[in-house]
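Colleague: Mapping of the sequence shown onto the numbering used here: position 62 corresponds to residue 84, and the numbering continues sequentially without gaps.
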Amino acid sequence: MSLAKIFIIIQVLVGVLFVAAVLLQSRGTGLGETFGGSGVFYGNRRGPEKTLYLITIGLAVVFVLLSFVVLFL
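(1) Mapping DSSP to helix, strand and coil, what is L95?
(2) Cutting at 8 Å between CB atoms, please list the residues of its own chain near Q33, excluding the five before and the five after it.
(3) What three-state label does DSSP hand S89 in the structure shown?
(4) Could you please give the first and the last residue of the uninterrupted alpha helix (DSSP H) stretch that includes Q33?
(5) Can you tell me whether L81 is buried or exposed, with buried defined as 16 or more other CB within 10 angstroms of its CB?
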């Protein structure tokens, strides 16, 4: 298996995880409310919402970097 194919497979997996992370973030509601919690709104992200937000940013950066790597291989 060539190096380019390995990077493409990794990029597809990162892309699927990135889409899932974006879809888990409900706009205008907290992560707790998505799964049936109360409708209390906070101005900043706390707890699992902040973690999911940072994971989403990390996945986006990895996806873009993998895109450049695949482009130049």
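Ideal Cβ placement from N, Cα and C applies to all residues, glycine included.
Modeller: For this structure:
(1) Taken through DSSP and simplified to helix, strand or coil, L95 comes out as coil.
(2) The residues are F85, L88, S89, V92.
(3) In this structure, S89 counts as helix in the three-state DSSP scheme.
(4) Element bounds for Q33: 25 to 46.
(5) When all chains shown are included, L81 counts as buried.
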